[in-house]
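Before any comments, here is the structure.
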Amino acid sequence: MTAETVPEARVPITSYSVLRDRQAYVIVYYRDQGTGALVPPLFVGRLDRLTGRWTRAAIDEQAIRPAPSACLGSAVSARKAGGMLLIETHVNPSAGCTLVLAEDLAVRDVLSGWPMAAFADGRIVYQHSQPHFVAVHPLEVSIYDPRSRTHRAIYPPRPPPPLRLEHMRKIQALYSPDWCIARNHPCDPERFDERIEGPVEVSDKTGALAFVVAFDNTVLADDGAVASVTPAAKPTEVLYVFRRLGGREPPDVRELSFAEARRRFGGIRLKQYVEPAILDRIFRP
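Per our numbering, the sequence shown starts with residue 40, numbered consecutively.
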């Protein structure tokens, strides 16, 4: 890469991310204004490794509408999904955006959240952003299809399967008006702290998806003592496996205690739960 092939090669940049593959070199960046502030536009440059052609796009607030201007944050990552380029940007510790760019680097859509995995056909599994300064951070996961520009919510599953329902009942029993007021807590048993533990795995062969969710149990250990001396309960780890995600009907979902899944299937990798042999056993009547 030289000033001849890339006109901005000597321009100071900041808050950037890079993607390299056999076809192209992609860099997402802001020009460094020397103030420490990020000033739009967000630039996306692509150098075609075969032709040596340099293409650049400038993404401003108009380009991402109706998404908020906060989506023009630091470039966290750049990756490909099908024929699309995904640019993840930072909003706050609980929120981010994913800019979905077409082959010509035009913004096609903006997702409120960050990509977790992608199918070969371009469908993107993403985790939704959450407000940061709130009492609880529930987990929401959807699949975005760039071909139809549609979103399909897959998590939390509805109606709640048994393990999730059991956890909801446990925390519901804890809630009382005084407890909720003292902690400025919404006390909605359907919305509790939870997170994805480890990777999200997909299979193009089976069309399946799997991940492990950790239900936070610290609220159950809160007996009114000072938080710093209250022992935190271990999270409840639950495996979720989905299949038949491509049709109009609700997908099939199985929920298993992750500890029980390990005992049942041995110490297999998460990827193996979406492969045909294990998948058939999981969904066997």
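Note that beta-carbon positions come from the ideal geometry of N, C-alpha and C, so glycine has one too.
Since this is a predicted model, take the numbers as computed values, not measurements.
Item: Applying the 10 Å Cβ sphere with the 16-neighbour rule, what's the burial state of Pro185?; Value: buried
Item: Taking just the CA atoms, how far does Phe254 sit from Ala272?; Value: 10 Å
Item: Which runs of the beta strand (DSSP E) spanning at least 3 residues fall entirely within the region 124-162, listed in chain order?; Value: 134-140, 146-157
Item: Give the straight-line distance between the Cα atoms of Leu150 and Arg320, rounded to the nearest whole angstrom.; Value: 34 Å
Item: In angstroms, rounded to a whole number, what distance separates the CA positions of Arg95 and Ala156?; Value: 26 Å
Item: Can you look up Ile103 in the DSSP assignment and give me helix, strand or coil?; Value: helix
Item: State the DSSP-derived secondary structure class of Gln211, mapped to helix, strand or coil.; Value: helix
Item: Between which two residues does the alpha helix (DSSP H) harbouring Pro216 extend?; Value: 216-221
Item: Given this structure, state the Cα-to-Cα distance separating Gln211 from Pro225, to the nearest angstrom.; Value: 11 Å
Item: Between Val258 and Pro290, what straight-line distance do the alpha-carbon atoms span, to the nearest angstrom?; Value: 31 Å
Item: Beta strand (DSSP E) containing Ile321: first to last residue?; Value: Here Ile321 belongs to no beta strand (DSSP E); instead the alpha helix (DSSP H) covers 315-321.
Item: Just how far apart, CA to CA, sit Ile193 and Ser181?; Value: 5 Å
Item: Straight-line CA distance for Leu204 to Cys219?; Value: 20 Å
Item: Once you ignore the five residues that flank Val239 on each side, which residues in its own chain have a CB closer than 6 Å to its CB?; Value: Met155, Ala156, Val164, Phe250
Item: So Arg147 packs on Met123, CB below 8 Å; how close in whole Å?; Value: 7 Å
Item: Could you check the C-alpha separation between Pro201 and Asp87 for me, to the nearest Å?; Value: 51 Å
Item: As a quick exercise: from Ser242, Ala63, Leu125, pick the residue whose alpha carbon is nearest that of Tyr183.; Value: Leu125
Item: Residues bridged to Ser116 by DSSP?; Value: Glu127
Item: Would you tell me roughly how many angstroms separate the C-alpha atoms of Asp262 and Ser187, rounded to the nearest one?; Value: Annotation note: pLDDT 49 at Asp262 (below 50); position unreliable, coordinate value reported separately. Cα to Cα, Asp262 sits roughly 49 Å from Ser187.
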